[in-house]
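Residue numbers (the numbering used here): 284 to 638.
Glycine included, every Cβ here is placed at the ideal spot set by N, Cα and C.
Structure, as C-alpha coordinates:
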Amino acid sequence: MRVLVTGAAGFIGFHAAGRLLEEGHAVVGIDNLNDYYDAALKRARIERLAGRDGFRFVRCALEDKSRLAELFAEDRFETVLHLAAQAGVRYSLENPQAYIDSNVTGFLNVLEACRRFGVRHLVFASSSSVYGANRKVPYSARDSADHPVSLYAATKRANELMAHAYSHLYRLPVTGLRFFTVYGPWGRPDMAYYKFTRSILEGKPITLYKGGEMWRDFTYVDDVTRAIALLLPHPPAPDGNWDGLLPEPDSSAAPYRLYNVGSRRPVKLTDMIGLLEKLLGRQAIVECLPMHPGDVEVTCADMEPLERRFGFRPEVRLEDGLRRFVDWYADYHRPNSAFAAAPAGGGPNGRSEAP
(Lines of atoms letter the chains of each structure in order from A and count residues from 1; the text may use other names and numbers.)
(Lines give C-alpha, C1' and ligand atoms only; values in the text may rest on other atoms or scores of the structure.)
Protein backbone atom coordinates (compact mmCIF):
# COMPACT_ATOMS: atom_id res chain seq x y z
CA MET A 1 0.00 0.00 0.00
CA ARG A 2 0.92 3.65 -0.32
CA VAL A 3 0.46 4.94 3.21
CA LEU A 4 0.57 8.46 4.60
CA VAL A 5 1.69 8.58 8.23
CA THR A 6 1.04 11.91 9.90
CA GLY A 7 3.17 12.65 12.94
CA ALA A 8 5.94 10.41 11.59
CA ALA A 9 8.56 12.16 13.75
CA GLY A 10 6.49 11.41 16.84
CA PHE A 11 6.89 8.41 19.10
CA ILE A 12 4.14 6.13 17.78
CA GLY A 13 4.41 7.51 14.24
CA PHE A 14 8.11 6.65 14.07
CA HIS A 15 7.53 3.07 15.22
CA ALA A 16 4.45 2.61 13.03
CA ALA A 17 6.24 3.88 9.92
CA GLY A 18 9.10 1.48 10.64
CA ARG A 19 6.77 -1.50 10.93
CA LEU A 20 4.93 -0.60 7.73
CA LEU A 21 8.24 -0.33 5.87
CA GLU A 22 9.23 -3.76 7.19
CA GLU A 23 5.99 -5.12 5.73
CA GLY A 24 6.85 -3.72 2.30
CA HIS A 25 4.56 -0.68 2.17
CA ALA A 26 5.60 2.66 0.68
CA VAL A 27 5.39 5.31 3.40
CA VAL A 28 5.28 9.09 3.20
CA GLY A 29 5.74 10.62 6.62
CA ILE A 30 4.78 14.17 7.50
CA ASP A 31 5.43 16.19 10.63
CA ASN A 32 5.80 19.85 11.54
CA LEU A 33 8.68 19.12 13.98
CA ASN A 34 7.29 21.52 16.57
CA ASP A 35 9.03 22.29 19.85
CA TYR A 36 6.50 20.85 22.31
CA TYR A 37 9.45 18.74 23.37
CA ASP A 38 13.04 18.91 22.12
CA ALA A 39 13.05 18.58 18.34
CA ALA A 40 16.44 16.80 18.32
CA LEU A 41 14.70 13.55 19.24
CA LYS A 42 12.16 14.04 16.46
CA ARG A 43 14.91 14.70 13.94
CA ALA A 44 16.80 11.63 15.11
CA ARG A 45 13.72 9.47 14.53
CA ILE A 46 13.29 10.84 11.01
CA GLU A 47 16.98 10.31 10.24
CA ARG A 48 16.61 6.63 11.10
CA LEU A 49 13.59 6.30 8.83
CA ALA A 50 15.11 8.33 6.00
CA GLY A 51 17.78 5.74 5.33
CA ARG A 52 15.23 3.03 4.56
CA ASP A 53 13.85 2.09 1.15
CA GLY A 54 10.28 3.15 0.58
CA PHE A 55 10.24 6.13 2.97
CA ARG A 56 9.94 9.82 2.15
CA PHE A 57 9.63 12.66 4.64
CA VAL A 58 7.79 15.93 4.05
CA ARG A 59 7.78 18.71 6.61
CA CYS A 60 4.18 19.88 6.73
CA ALA A 61 1.75 21.22 9.32
CA LEU A 62 -1.76 19.83 9.33
CA GLU A 63 -3.09 23.38 9.55
CA ASP A 64 -1.64 24.06 6.06
CA LYS A 65 -4.69 22.87 4.15
CA SER A 66 -3.38 23.69 0.67
CA ARG A 67 -0.03 21.93 1.17
CA LEU A 68 -1.80 18.89 2.55
CA ALA A 69 -4.09 18.79 -0.49
CA GLU A 70 -1.08 19.04 -2.81
CA LEU A 71 0.52 16.09 -1.08
CA PHE A 72 -2.60 13.95 -1.44
CA ALA A 73 -2.88 14.93 -5.11
CA GLU A 74 0.78 14.00 -5.74
CA ASP A 75 0.82 10.62 -3.99
CA ARG A 76 -2.77 9.33 -4.15
CA PHE A 77 -2.54 7.50 -0.85
CA GLU A 78 -4.56 4.33 -0.46
CA THR A 79 -4.55 4.49 3.33
CA VAL A 80 -3.85 7.20 5.89
CA LEU A 81 -2.56 6.62 9.40
CA HIS A 82 -3.25 9.83 11.29
CA LEU A 83 -1.13 10.06 14.44
CA ALA A 84 -0.19 13.74 14.46
CA ALA A 85 -1.67 15.70 17.35
CA GLN A 86 -0.86 18.11 20.11
CA ALA A 87 -0.35 15.65 22.95
CA GLY A 88 -0.36 16.02 26.73
CA VAL A 89 -3.18 16.37 29.22
CA ARG A 90 -1.56 19.01 31.47
CA TYR A 91 -0.26 21.20 28.66
CA SER A 92 -3.85 21.55 27.44
CA LEU A 93 -4.55 23.59 30.58
CA GLU A 94 -1.72 25.96 29.67
CA ASN A 95 -2.13 26.31 25.90
CA PRO A 96 -5.63 25.28 24.83
CA GLN A 97 -5.40 26.99 21.44
CA ALA A 98 -2.65 24.60 20.31
CA TYR A 99 -5.07 21.70 20.78
CA ILE A 100 -7.81 23.31 18.71
CA ASP A 101 -5.39 24.23 15.92
CA SER A 102 -3.75 20.81 15.64
CA ASN A 103 -6.30 18.32 16.92
CA VAL A 104 -9.49 19.87 15.55
CA THR A 105 -8.60 22.10 12.59
CA GLY A 106 -5.74 19.82 11.54
CA PHE A 107 -7.94 16.73 11.74
CA LEU A 108 -10.65 18.44 9.68
CA ASN A 109 -8.07 19.07 6.96
CA VAL A 110 -7.06 15.40 7.01
CA LEU A 111 -10.71 14.32 6.73
CA GLU A 112 -11.30 16.68 3.83
CA ALA A 113 -8.23 15.44 1.98
CA CYS A 114 -9.28 11.80 2.53
CA ARG A 115 -12.74 12.59 1.17
CA ARG A 116 -11.53 14.53 -1.86
CA PHE A 117 -8.92 12.00 -2.94
CA GLY A 118 -10.80 8.76 -2.32
CA VAL A 119 -8.72 7.25 0.48
CA ARG A 120 -9.70 3.61 1.08
CA HIS A 121 -9.13 3.63 4.84
CA LEU A 122 -8.36 6.28 7.44
CA VAL A 123 -7.02 5.00 10.76
CA PHE A 124 -6.62 7.69 13.40
CA ALA A 125 -5.33 7.93 16.96
CA SER A 126 -7.77 8.63 19.72
CA SER A 127 -6.95 8.22 23.40
CA SER A 128 -8.04 6.48 26.60
CA SER A 129 -8.42 10.04 27.93
CA VAL A 130 -11.83 10.24 26.24
CA TYR A 131 -13.30 8.07 29.00
CA GLY A 132 -12.81 10.99 31.35
CA ALA A 133 -15.11 10.84 34.37
CA ASN A 134 -16.24 7.26 33.60
CA ARG A 135 -15.74 5.03 36.63
CA LYS A 136 -16.69 1.69 35.06
CA VAL A 137 -13.62 -0.42 34.29
CA PRO A 138 -12.42 -1.95 32.13
CA TYR A 139 -13.21 0.86 29.72
CA SER A 140 -15.28 -0.40 26.82
CA ALA A 141 -15.63 1.38 23.49
CA ARG A 142 -19.33 0.47 23.75
CA ASP A 143 -19.69 2.75 26.79
CA SER A 144 -20.47 6.45 26.70
CA ALA A 145 -17.42 8.72 26.57
CA ASP A 146 -19.01 12.12 26.84
CA HIS A 147 -17.57 13.49 30.08
CA PRO A 148 -13.94 14.49 29.32
CA VAL A 149 -11.91 16.02 32.16
CA SER A 150 -9.30 17.79 30.00
CA LEU A 151 -9.41 19.77 26.76
CA TYR A 152 -7.00 17.24 25.24
CA ALA A 153 -9.56 14.51 25.87
CA ALA A 154 -12.34 16.71 24.50
CA THR A 155 -10.44 17.23 21.23
CA LYS A 156 -9.88 13.49 20.88
CA ARG A 157 -13.57 12.79 21.43
CA ALA A 158 -14.33 15.52 18.89
CA ASN A 159 -12.11 13.66 16.41
CA GLU A 160 -14.19 10.52 16.87
CA LEU A 161 -17.43 12.41 16.23
CA MET A 162 -16.03 14.31 13.24
CA ALA A 163 -14.76 11.05 11.75
CA HIS A 164 -18.16 9.45 12.15
CA ALA A 165 -19.86 12.38 10.41
CA TYR A 166 -17.51 12.03 7.41
CA SER A 167 -17.96 8.29 7.38
CA HIS A 168 -21.74 8.70 7.35
CA LEU A 169 -21.87 11.52 4.80
CA TYR A 170 -19.19 10.35 2.36
CA ARG A 171 -18.91 6.60 3.13
CA LEU A 172 -15.29 7.13 4.13
CA PRO A 173 -14.08 3.97 5.93
CA VAL A 174 -12.65 5.10 9.27
CA THR A 175 -11.16 3.29 12.27
CA GLY A 176 -10.37 5.10 15.51
CA LEU A 177 -7.90 3.62 18.01
CA ARG A 178 -8.02 4.62 21.67
CA PHE A 179 -4.44 4.19 22.87
CA PHE A 180 -3.69 3.49 26.53
CA THR A 181 -0.43 4.99 27.97
CA VAL A 182 1.97 3.92 25.25
CA TYR A 183 5.62 3.55 26.29
CA GLY A 184 8.91 2.19 24.96
CA PRO A 185 12.22 3.13 23.29
CA TRP A 186 12.28 6.45 21.42
CA GLY A 187 9.41 7.58 23.65
CA ARG A 188 8.17 11.07 24.44
CA PRO A 189 10.28 12.92 27.03
CA ASP A 190 7.13 14.42 28.60
CA MET A 191 5.76 10.99 29.54
CA ALA A 192 6.02 9.94 33.20
CA TYR A 193 8.18 6.83 32.71
CA TYR A 194 10.71 8.82 30.67
CA LYS A 195 10.87 11.72 33.13
CA PHE A 196 11.08 9.34 36.08
CA THR A 197 14.06 7.58 34.52
CA ARG A 198 15.91 10.82 33.96
CA SER A 199 15.13 12.14 37.44
CA ILE A 200 16.10 8.92 39.21
CA LEU A 201 19.44 8.84 37.39
CA GLU A 202 20.08 12.53 38.17
CA GLY A 203 18.98 12.25 41.82
CA LYS A 204 16.13 14.72 41.34
CA PRO A 205 12.71 14.37 42.97
CA ILE A 206 9.67 13.04 41.17
CA THR A 207 6.21 14.28 42.06
CA LEU A 208 3.46 11.72 42.52
CA TYR A 209 -0.10 12.95 42.45
CA LYS A 210 -2.42 11.24 44.89
CA GLY A 211 0.62 9.50 46.34
CA GLY A 212 0.87 7.26 43.30
CA GLU A 213 -2.43 5.60 44.22
CA MET A 214 -3.42 5.43 40.56
CA TRP A 215 -3.31 2.67 37.98
CA ARG A 216 -2.39 2.88 34.31
CA ASP A 217 -2.81 0.40 31.48
CA PHE A 218 0.74 0.68 30.13
CA THR A 219 0.95 -0.50 26.52
CA TYR A 220 4.25 -1.30 24.84
CA VAL A 221 4.74 0.49 21.54
CA ASP A 222 5.39 -2.70 19.54
CA ASP A 223 1.99 -4.04 20.61
CA VAL A 224 0.42 -0.78 19.41
CA THR A 225 2.10 -0.88 16.00
CA ARG A 226 1.19 -4.55 15.61
CA ALA A 227 -2.48 -3.62 16.11
CA ILE A 228 -2.15 -0.79 13.59
CA ALA A 229 -0.58 -3.08 10.99
CA LEU A 230 -3.38 -5.61 11.49
CA LEU A 231 -6.12 -3.03 11.01
CA LEU A 232 -4.80 -0.88 8.16
CA PRO A 233 -5.54 -3.38 5.35
CA HIS A 234 -9.10 -3.94 6.63
CA PRO A 235 -11.42 -0.97 6.08
CA PRO A 236 -14.58 -1.38 8.15
CA ALA A 237 -17.89 -2.12 6.46
CA PRO A 238 -21.21 -0.75 7.71
CA ASP A 239 -22.56 -2.78 10.61
CA GLY A 240 -25.75 -4.42 9.33
CA ASN A 241 -26.87 -5.11 12.90
CA TRP A 242 -26.47 -1.55 14.13
CA ASP A 243 -29.70 -0.27 15.65
CA GLY A 244 -30.43 3.44 15.87
CA LEU A 245 -32.82 2.76 18.75
CA LEU A 246 -30.03 1.12 20.74
CA PRO A 247 -26.94 2.77 19.22
CA GLU A 248 -23.54 1.32 20.15
CA PRO A 249 -20.80 3.98 20.04
CA ASP A 250 -18.07 1.69 18.68
CA SER A 251 -19.82 0.80 15.40
CA SER A 252 -22.30 2.32 12.99
CA ALA A 253 -24.48 1.93 9.93
CA ALA A 254 -21.59 3.87 8.36
CA PRO A 255 -18.19 2.21 7.70
CA TYR A 256 -16.85 3.24 11.11
CA ARG A 257 -15.30 1.45 14.10
CA LEU A 258 -13.66 2.33 17.41
CA TYR A 259 -11.25 0.05 19.29
CA ASN A 260 -9.26 0.20 22.50
CA VAL A 261 -5.57 -0.65 22.23
CA GLY A 262 -4.18 -1.44 25.67
CA SER A 263 -2.45 -4.16 27.64
CA ARG A 264 -5.44 -5.18 29.82
CA ARG A 265 -3.06 -5.18 32.83
CA PRO A 266 -3.28 -1.92 34.86
CA VAL A 267 -0.24 -1.29 37.04
CA LYS A 268 -0.09 0.93 40.11
CA LEU A 269 2.23 3.89 39.55
CA THR A 270 4.27 3.13 42.65
CA ASP A 271 4.84 -0.39 41.30
CA MET A 272 6.01 1.04 37.98
CA ILE A 273 8.47 3.24 39.86
CA GLY A 274 9.68 0.19 41.77
CA LEU A 275 10.43 -1.57 38.49
CA LEU A 276 12.41 1.45 37.28
CA GLU A 277 14.36 1.59 40.55
CA LYS A 278 15.30 -2.06 40.14
CA LEU A 279 16.35 -1.62 36.51
CA LEU A 280 18.33 1.55 37.22
CA GLY A 281 19.85 0.36 40.48
CA ARG A 282 18.86 3.60 42.24
CA GLN A 283 16.07 4.74 44.52
CA ALA A 284 13.61 7.46 43.55
CA ILE A 285 13.16 10.61 45.63
CA VAL A 286 9.38 10.97 45.84
CA GLU A 287 7.27 13.99 46.71
CA CYS A 288 3.47 13.73 46.86
CA LEU A 289 0.77 16.18 45.81
CA PRO A 290 -3.04 15.99 45.63
CA MET A 291 -4.62 14.59 42.48
CA HIS A 292 -4.35 16.80 39.41
CA PRO A 293 -7.72 18.07 38.07
CA GLY A 294 -7.11 16.64 34.59
CA ASP A 295 -6.27 13.12 35.80
CA VAL A 296 -8.24 9.93 36.36
CA GLU A 297 -7.54 7.24 38.94
CA VAL A 298 -7.63 4.10 36.77
CA THR A 299 -7.30 3.23 33.12
CA CYS A 300 -7.94 -0.29 31.88
CA ALA A 301 -8.80 -1.37 28.33
CA ASP A 302 -11.48 -3.84 27.34
CA MET A 303 -9.73 -5.58 24.46
CA GLU A 304 -12.35 -8.22 23.62
CA PRO A 305 -13.55 -6.69 20.30
CA LEU A 306 -10.04 -6.44 18.86
CA GLU A 307 -9.22 -9.97 19.96
CA ARG A 308 -12.46 -11.39 18.62
CA ARG A 309 -12.30 -9.70 15.22
CA PHE A 310 -8.56 -9.73 14.54
CA GLY A 311 -7.05 -12.20 17.00
CA PHE A 312 -4.99 -9.43 18.59
CA ARG A 313 -3.52 -9.90 22.06
CA PRO A 314 -0.90 -7.68 23.69
CA GLU A 315 2.35 -9.57 24.28
CA VAL A 316 4.88 -7.41 26.13
CA ARG A 317 4.83 -7.25 29.94
CA LEU A 318 5.65 -3.94 31.63
CA GLU A 319 8.87 -5.21 33.22
CA ASP A 320 10.15 -6.39 29.82
CA GLY A 321 9.09 -3.22 28.03
CA LEU A 322 10.68 -0.97 30.66
CA ARG A 323 13.91 -2.96 30.42
CA ARG A 324 14.01 -2.32 26.67
CA PHE A 325 13.32 1.37 27.28
CA VAL A 326 16.05 1.68 29.91
CA ASP A 327 18.55 -0.04 27.60
CA TRP A 328 17.65 2.39 24.81
CA TYR A 329 17.81 5.36 27.17
CA ALA A 330 21.29 4.42 28.38
CA ASP A 331 22.51 4.17 24.80
CA TYR A 332 20.78 7.28 23.45
CA HIS A 333 21.73 9.53 26.37
CA ARG A 334 25.31 8.32 26.61
CA PRO A 335 27.87 11.06 27.41
CA ASN A 336 28.77 13.34 24.51
CA SER A 337 25.66 12.41 22.51
CA ALA A 338 23.85 15.29 20.84
CA PHE A 339 20.78 14.86 23.00
CA ALA A 340 22.43 14.18 26.37
CA ALA A 341 22.37 17.80 27.53
CA ALA A 342 18.98 18.68 26.07
CA PRO A 343 16.06 19.29 28.46
CA ALA A 344 13.66 16.37 28.61
CA GLY A 345 10.82 18.30 30.16
CA GLY A 346 9.57 18.21 33.71
CA GLY A 347 7.68 20.11 36.31
CA PRO A 348 8.64 23.19 38.34
CA ASN A 349 12.14 23.23 39.88
CA GLY A 350 13.22 20.31 37.71
CA ARG A 351 10.76 17.89 39.24
CA SER A 352 9.27 15.16 37.11
CA GLU A 353 5.56 14.74 37.56
CA ALA A 354 3.43 11.62 37.45
CA PRO A 355 -0.20 11.45 36.41
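Give the straight-line distance between the Cα atoms of residue i and residue j, rounded to the nearest whole angstrom.
i	j	result
A292	G467	15 Å
P638	A333	The predicted model places P638 with a pLDDT of 37, which falls under 50 and marks its position as unreliable; any figure quoted below should be read in that light. C-alpha separation (whole angstroms): 34 Å.
R399	E485	51 Å
S385	L529	33 Å
E305	K493	42 Å
H365	T582	23 Å
M284	R596	24 Å
F593	A512	11 Å
A356	S450	21 Å
H404	E361	7 Å
R565	I483	7 Å
I313	L287	8 Å
E598	P516	21 Å
Y476	Q369	19 Å
V609	F501	15 Å
S546	E590	12 Å
S433	L559	28 Å
P588	L541	9 Å
L351	V507	26 Å
E330	E353	24 Å
A613	E531	46 Å
R425	F462	15 Å
L323	I489	The question names Leu, but residue 323 is Ala in the sequence shown. Answer to the nearest angstrom: the Cα atoms are 24 Å apart.
K561	F479	13 Å
F294	A510	16 Å
R639	D358	With the chain represented from 284 up to 638, any question about residue 639 goes unanswered, as that position is not in the structure.
L491	G389	33 Å
S620	P518	Bear in mind that the predicted position of S620 carries a pLDDT of just 48, short of 50, making it unreliable; the figure below should be weighed with that in mind. One C-alpha to the other measures close to 43 Å.
W611	W525	46 Å
D321	S349	27 Å
N632	L601	No answer about N632 holds up, because its pLDDT of 30 lies below 50 and its placement is not dependable.
A448	G523	18 Å
Assuming residue i is part of the beta strand (DSSP E), what are its boundary residues?
i	result
T252	With the chain covering only 284 through 638, there is no way to say anything about residue 252.
T458	457-462
Y542	539-544
G312	309-314
T245	Limits of the chain in this structure are 284 at one end and 638 at the other, which puts residue 245 out of reach.
F338	338-342
E570	568-572
Y492	488-492
So residue i and residue j are in contact, right, with Cβ under 8 Å, and what is the actual spacing, rounded?
i	j	result
L552	G495	4 Å
A309	P421	About 37 Å separates the two Cβ atoms, so there is no contact after all.
E443	S411	That pair is no contact at about 13 Å.
R499	P549	6 Å
V393	V363	7 Å
G464	A367	It should be noted that the sequence gives Thr, not Gly, for residue 464. With a Cβ gap of about 19 Å, T464 and A367 do not count as contacting.
First and last residue of the alpha helix (DSSP H) that includes residue i?
i	result
Y615	601-615
P279	Examination of residue 279 is not possible in this model, given that the chain is present from 284 through 638 alone.
H451	434-453
F297	294-305
R548	No alpha helix (DSSP H) holds R548; DSSP gives it neither H nor E.
R596	Neither: R596 is in no alpha helix (DSSP H) and is coded neither H nor E.
E485	475-485
R425	Looking at the DSSP string, R425 is not in any alpha helix (DSSP H), and its letter there is neither H nor E.
F501	Element bounds for F501: n/a, residue is neither H nor E.
D321	Here D321 belongs to no alpha helix (DSSP H), and DSSP marks it neither H nor E.
L354	348-358
Please decide whether residue i counts as near chain C, where near means a Cβ-Cβ distance under 9 Å.
i	result
K561	The question asks about chain C, but that chain is absent: this structure has only one protein chain.
Contact between the segment 365-375 and the segment 430-445: three or more CB pairs below 8 Å? A contact exists between the segment 365-375 and the segment 430-445.
Would you mind listing the beta strand (DSSP E) stretches within the segment 372-423 that are 3+ residues and don't spill past its ends, in chain order? The DSSP assignment places complete beta strand (DSSP E) segments of no fewer than 3 residues inside the segment 372-423 at 404-410, in order along the chain.
How about the segment 445-461 and the segment 534-542: do they share at least three Cβ pairs that are nearer than 8 Å? Taking a contact to require three or more Cβ pairs closer than 8 Å, the segment 445-461 and the segment 534-542 qualify as touching.
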